Structure formats: structure tokens, C-alpha cells
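Read left to right, the sequence shown gives residues 1 to 330 (this note's numbering).
Inspection log for the structure reproduced underneath, given as C-alpha cells.
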Amino acid sequence: MSILPKTNELGFFEIRLESIGGLGANLAGKMLAEVGALGHGLNAANFSTYGSEKKGSPVKSYIRFCDEHVHIRDHSPIEQPHVIGVFHESLYKMVDVISGLRPDGIVLVNSVRSAEHIRRDLRLSYGTLAIVDALGIAVEEKTKVNTAMLGALFRICHFLDPEKMKQVIRKTFEKKYPHLVEANIRTFERGYEEVRFYKSEDALLETGKPFSRPYPLFGYETQTIGGVIITNGNSVWKDLSGSRQGFLPKWEEKDCIHCAACDTVCPDFCFVWEEGEDRKGRKQMFLKGIDYQYCKGCLKCVEACPTSALTPYREQIGFAETHTVKRMRV
């Protein structure tokens, strides 16, 4: 008898994780599939897709489960998942994270915001929304976001035994990072217990959101003459907020000595300067603020700051827009 709550026409229960590099979605998908295969006798498959393998770039991880008598011969990306896990809520600015979600699907989001605001931004008008403060849990337990998200995913996938996942956590960490075993188990348990569910009134729609596959804007037939690069990452209009991992630098002018150590290590030239005079009338450059449009939250500036002028700040919605100082464009 099958333990899977539902399957598609091929007999698969499918999960898609939407994340950015550095949050551990790739490892989370691997561990999730491992529990299903080794702990419950299911057939399971997991793989991930991403571009350049670097922190902050979009990542997708796919997990398929099926009964032991069903063979997995489909290794294409998952387009119509039953469950979607969004590790980074600002991804919706760059990626259609709920694309293809089934009518009775569940979307898990790492956030502290209200269900109404999240549904509005994701344009999610149906299905069940699950919310967990995975980042907050990870910060308090000094672990990673992926373990808290795994706990919430196990609450959603009730056919999987949480105790089996704890065994995998021990197996994964005990050799290389034995001091992190108990902290990760606590993180997993908190994710499992603290996730909240909000069901839509339109949860029983007959059709979900159609899957949309993104295609390159320019190819060999449509590329403009001259080899001009017009990608977001090379444009003055780029917005890096979707690559921040939940923290950004907060600047206190009263503590700043304008040494430019922050500007030296900043990879995206986020710091805005203006010319002025010191107390002796000598010309000097003074830090005016941070242009958060270009800040991806790497916090290298915080590490380089010799005073307490720059500190890590857990990002709140609207903080960057309110406190940003724009650079003059020439």
C-alpha cells in the first residue's frame, strides 16, 4: 500500500526547492531524497540546476518520490510540483517561484511577514501557504536555513518520519562537524513545530498556475549587432536585493571615521561619497551612505570596518528603500 498522499500521472510525488546559492537547498534536497529512499523504501531522485556556482545566484533543487514498483525514468526539471519550498522570499523579484504549482499544492516560504503580503507578492491566489521563520531559527541556533526548512518540509510531507531525518542529520554532520549535530537537530525540530499554515478559499481550483519556462532574451538570431551585453548583472539598473541572504550592512554616521576600508572591499561599489572639508579646512571625501540597490549583503564591509559604524542588520521589508543613498549618474 502506497504511503504517498498523492501522485501525478507518472506516479510521482514532486517537490521543487527555490533558493539562492549559499542557503543549502542543494544539500536539503539530497537529504530529503535520502530519507525517502533509505528510510521508507521509496524510489527517489534528486538533482539541482543553477548557473554559475556562487553565493547569491538562483538555485533550484528537485525531489521525486514514487512507490518501489514505479521506476523513475524522468530526469527533467519538475514543472508541476505538489510542494514548493521558497528558501528566499525576495526571489519572486527575479524568478516566478510558484510557476506550475498544482491546484492543491503547498508553498512553504521562509519569512516573518503576514500571509496576505506574501500571497500578494507571489501572486498566489490558491493552494495552501506555509510560513516559517527559518532564518530567525538558524540565527538563534547558529546553524543554516536549510535545516529549519527541512523541518517545515517534513511537517508538510507527513508521510516522511522526522526521526529518520534526525538520523540522516547525525550521519551527515557527526564525522566532520560533530559539534553541530545537536544544534541542527534543534533547528530541524523548531522548523517542524513553528511552521504555520494558511489555506486559501480558492484551494480547490481545478487548474493551477501554468508553468512558464524562462528563455534567453537574445540568441544567435536576435542578438543586437556590436555584441552589447544587456543582462541585468551588467546594467546600471540591476537590483541585487534578490541575492541578499537576509542581512545587510547598517551604517551609523556618528561612528564613522571615513577611512574607506568598506569601499575598498565592496565588490559592487555600493558606498556613496561626497567631497567636503575636515576641521582644518583640508579637502577630504566623506561617506554619505549606501546605495542598497547594488548591495547583495555579503557583509565584507562589516568585517573590514575598524569601528562600529557598520553592523549586520537583519533586513526588514522597506528598510533598504528608506535608507538608500543614490549615486549620481553621469
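Note that CB positions come from ideal geometry on N, CA and C, so glycine has one too.
Note that the structure is predicted; figures quoted are calculated from it, not measured.
N- and C-terminal bounds of the alpha helix (DSSP H) containing residue i
| i | result |
| --- | --- |
| Asn-184 | 181-194 |
| Lys-300 | 300-304 |
| Glu-141 | 134-141 |
For residue i, the first and last residue of its enclosing beta strand (DSSP E)
| i | result |
| --- | --- |
| Val-107 | 106-110 |
| Leu-287 | 283-290 |
| Val-59 | 58-66 |
| Leu-122 | First-last for Leu-122: 115-122, but that is the alpha helix (DSSP H), not the beta strand (DSSP E). |
| Ala-152 | That residue, Ala-152, is in no beta strand (DSSP E); its alpha helix (DSSP H) goes 145-156. |
| Glu-18 | 13-20 |
| Val-272 | 271-277 |
| Tyr-177 | Premise fails: Tyr-177 is in no beta strand (DSSP E) and is neither H nor E. |
| Pro-312 | 310-314 |
Own chain partners of residue i with C-beta closer than 6 Å, once the 5 adjacent residues on each side are dropped
| i | result |
| --- | --- |
| Gly-100 | Glu-79, Gln-80, Phe-211 |
| Cys-256 | Leu-287, Ala-309 |
| Lys-300 | Val-265 |
| Asp-133 | Val-112 |
| Asp-278 | Gln-284 |
| Gly-105 | His-82, Gly-127 |
| Met-31 | Val-168 |
| Pro-312 | Phe-247, Leu-299, Val-302 |
Same chain, Cβ closer than 7 Å to residue i, neighbours up to 5 away in sequence not counted
| i | result |
| --- | --- |
| Gly-56 | Ile-20, Gly-21, Gly-22, Ser-243, Lys-296 |
| Cys-262 | Phe-271, Cys-301, Ala-304, Cys-305, Leu-310 |
| Ile-72 | Asn-43, Ala-45, Arg-64, Cys-66 |
| Met-94 | Pro-58, Gly-242 |
| Val-145 | Leu-23, Gly-24, Phe-87, Asn-110, Ala-134, Leu-135, Ala-138 |
| Asp-96 | Ser-212 |
Residue i, DSSP secondary structure in three states
| i | result |
| --- | --- |
| Asn-232 | Because Asn-232 carries a pLDDT of 47, less than 50, the predicted location of this residue cannot be relied on, and the following value inherits that uncertainty. DSSP places Asn-232 in helix when its eight states are reduced to three. |
| Val-325 | coil |
| Asn-26 | helix |
| Ile-98 | coil |
| Ser-90 | helix |
| Lys-55 | coil |
| Arg-170 | helix |
| Thr-264 | helix |
| Ser-48 | strand |
| Val-330 | Unreliable placement is indicated for Val-330, whose pLDDT of 49 sits below 50; the coordinate value is still reported in the next sentence. Coil at Val-330, not helix or strand. |
| Ala-203 | Confidence in Ala-203 is poor, its pLDDT being 48 and thus under 50, which makes the residue's placement unreliable; the coordinate value appears in the next sentence. If DSSP states are grouped into helix, strand and coil, Ala-203 belongs with coil. |
| Gly-246 | coil |
| Tyr-198 | strand |
| Leu-129 | strand |
| Val-70 | coil |
| Gly-36 | helix |
Any non-hydrogen atom of the ligand SAM within 8 Å of residue i CB
| i | result |
| --- | --- |
| Thr-187 | No copy of the ligand SAM appears in this structure; indeed no ligand is present at all. |
Whole-Å CB distance - residue i paired with residue j, under 8 Å assumed
| i | j | result |
| --- | --- | --- |
| Val-109 | Ile-131 | 6 Å |
| Cys-270 | Pro-306 | Between Pro-306 and Cys-270 the Cβ distance is about 18 Å, and since that is not below 8 Å, they are no contact. |
| Val-325 | Gly-289 | 3 Å |
| Leu-91 | Val-107 | Their Cβ separation, rounded to whole angstroms, is 12 Å, which puts Leu-91 and Val-107 out of contact at 8 Å. |
| Asn-184 | Thr-128 | About 27 Å; that fails the 8 Å criterion. |
| Gly-85 | Leu-135 | Their Cβ separation, rounded to whole angstroms, is 14 Å, which puts Gly-85 and Leu-135 out of contact at 8 Å. |
| Gly-246 | Arg-155 | That pair is no contact at about 22 Å. |
| Asp-74 | Leu-10 | 6 Å |
| His-40 | Ile-3 | 7 Å |
| Tyr-198 | Leu-248 | Not a contact, Cβ separation roughly 28 Å. |
Close beta carbons around residue i, own chain, < 8 Å, minus the five adjacent residues each side
| i | result |
| --- | --- |
| Leu-180 | Thr-143, Phe-173 |
| Gly-276 | Lys-283, Gln-284, Met-285, Phe-286 |
| Tyr-177 | none |
* May I ask you to verify whether the region 180-192 touches the region 151-166, counting CB pairs closer than 8 Å and requiring at least 3? => Under the three-pair Cβ rule at 8 Å, the region 180-192 counts as touching the region 151-166.
* Validate contact between the region 116-125 and the region 39-54 using beta carbons, cut 8 Å, 3 pairs -> The region 116-125 vs the region 39-54: no contact.
* To do: Flag this pair as touching only if the region 56-73 and the region 23-33 have three or more C-beta atom pairs under 8 Å; answer yes or no.
  => For the pair of segments examined, the region 56-73 was found to touch the region 23-33: the number of CB pairs separated by less than 8 Å reaches three.
* Please confirm if the region 167-174 is in contact with the region 29-36, defined as three or more CB-CB distances below 8 Å between the two stretches. => In the pairwise beta carbon analysis, the region 167-174 is classified as touching the region 29-36: at least three pairs are separated by under 8 Å.
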